[in-house]
Amino acid sequence: MRRFIFFNDDACPSGYTITPVLSFLLSSYFLNLHRRHQTHHPTASLLPSGQISRSGHRSAFRSSLAAVEHQKQRAKIPPSAEYVILEACLGFRTKIGRISLRQLFLSGLLTVHQSQRLIRSIVTSMAVVFSYTACRQLSQMFAAIIFFHGSEYILAVGIHGKSNVTLKSLLISKNYVVAMIFSLLEYLIEYILFPGMKEHWWVSNWGLGMLIIGEIIRKMAIITAGRSFTHLIRVHHSEHHQLITNGIYRVVRHPGYCGFFIWSVGTQIMLCNPISTIAFALVVWRFFAQRIPYEEYFLRQFFGSQYEEYARRVPAGVPFIK
88 MRRFIFFNDD ACPSGYTITP VLSFLLSSYF LNLHRRHQTH HPTASLLPSG
138 QISRSGHRSA FRSSLAAVEH QKQRAKIPPS AEYVILEACL GFRTKIGRIS
188 LRQLFLSGLL TVHQSQRLIR SIVTSMAVVF SYTACRQLSQ MFAAIIFFHG
238 SEYILAVGIH GKSNVTLKSL LISKNYVVAM IFSLLEYLIE YILFPGMKEH
288 WWVSNWGLGM LIIGEIIRKM AIITAGRSFT HLIRVHHSEH HQLITNGIYR
338 VVRHPGYCGF FIWSVGTQIM LCNPISTIAF ALVVWRFFAQ RIPYEEYFLR
388 QFFGSQYEEY ARRVPAGVPF IK
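Take the sequence shown: its position 282, counted from the start at 1, is 369 in the working numbering, and no numbers get skipped.
Quick look at the structure:
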């Protein structure tokens, strides 16, 4: 496929990291943006003459940032959503990148129209590379991740107040990012070498069902517990911290952990990733096998015999953990 892309390496600060998939998607997006601009303004260009050329995805990604930066300087307007997205994706490991990522998620710079346009361009680019099944699976995966972490933060702010909530409530750690990257790499490798593995729609739909059920269980746990629910283990008893035994807590002691366990394993079953399914199940189970006894030590200190009786009659909610 022939692609003309923007190119200006001097405009890209050092220290940026590029991924081929992201570069392909966003370079395709800015190609469409450039074509629309040329359609409405035939004599104008997003870049000065001589700066449009053919090159690889890496250069395309860098030069896309240059294009938006150039347009921003010419028009003397605030950074657009496209500029913020590029800064966030390119510079996640730099200070400006982290600021941009925070702007992207928390400042609401994406309007409905801009969001629809970006998503439409990304989906179009994915359709060129992947089959319908792969596009559906990857779209569901990204949507599930965005909804899970976004809703965790929004609920935390709604319950505890923005002043008491940090970005840690997004629940995105380095280990989590590594795990998700590993699962996507497995998906891409298996899709290239064994494309038939990803066509088991009944397996994928089973994983999607698990994902939805896990999400519902976890959000029910957060809403039911209210201010008693936190993302960090309480080591000191506070006035509003109560032992919640109603609602979904009548069925399992730790529905939040139960929901996340089902959700995380479900994401990999949905992608038909056999290796990541086993790895996620083992890693998440091991994490909760250590966390639950530690948390319950303090719960027994806070609530005494009341929690002992509750723990005897209600299961933990995570397999093989009493």
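By construction, the Cβ of each residue, glycine as well, lies at the ideal position given by its N, Cα and C atoms.
Check: On the three-state DSSP scale, how would you describe residue 133?
Finding: Note that residue 133 scores a pLDDT of 45, beneath 50, so its modelled location is shaky and nothing firm can be said.
Check: Can you tell me whether residue 288 is buried or exposed, with buried defined as 16 or more other CB within 10 angstroms of its CB?
Finding: The residue in question, residue 288, is exposed, as its Cβ has fewer than 16 Cβ neighbours within 10 Å.
Next item on the list: In the DSSP assignment, find the alpha helix (DSSP H) that holds residue 251 and state where it starts and stops.
Entry: Per DSSP, residue 251 lies in no alpha helix (DSSP H) segment and is marked neither H nor E.
Item checked: N-terminal and C-terminal residue of the alpha helix (DSSP H) that residue 375 is part of -> Residues 361-390.
Item checked: Presumed contact (8 Å Cβ cut-off) between residue 322 and residue 402, rounded CB distance -> Their Cβ separation, rounded to whole angstroms, is 24 Å, which puts residue 322 and residue 402 out of contact at 8 Å.
Notebook entry, point to check: Just the Cα atoms here: how many angstroms apart are residue 368 and residue 381?
Noted result: When only Cα atoms are considered, residue 368 and residue 381 end up about 20 Å apart.
Checklist line | residue 365, buried or exposed, once every other Cβ within 10 Å from all chains shown has been counted against 16 | finding: Exposed, since its Cβ has fewer than 16 Cβ neighbours within 10 Å.
Check: Would you call the CB atoms of residue 346 and residue 383 closer than 8 Å?
Finding: No, the pair does not count as a contact, with Cβ atoms beyond the cut-off.
Item checked: Residue from 361, 336, 406, 405 with nearest C-alpha to residue 397 -> Ranking 361, 336, 406, 405 by CA distance to the CA of residue 397 puts 336 first.
Next item on the list: Identify the continuous alpha helix (DSSP H) that holds residue 306 and give its terminal residues.
Entry: Residue 306 -> alpha helix (DSSP H) spans 288-312.
Check: Going by the C-beta, is residue 366 closer than 7 Å to any heavy atom of the ligand ATP?
Finding: With respect to the ligand ATP, the structure shown offers nothing to examine, as it has no ligands at all.
Notebook entry, point to check: Going by alpha carbons, who is nearest to residue 390 out of 331, 373, 343?
Noted result: Per the Cα distances, 331.
Notebook entry, point to check: Where do the ends of the alpha helix (DSSP H) carrying residue 342 lie?
Noted result: Residues 342-357.
Next item on the list: Determine the extent of the alpha helix (DSSP H) in which residue 261 is found, giving its start and end residues.
Entry: Element bounds for residue 261: 261-280.
Next item on the list: Alpha carbon to alpha carbon, how far is residue 388 from residue 278? Give it in angstroms, no decimals.
Entry: The C-alpha of residue 278 lies about 51 Å from the C-alpha of residue 388.
Notebook entry, point to check: Closest by CA to residue 271, which one among 342, 260, 285?
Noted result: Looking at the Cα atoms, 285 is the closest of the given residues.
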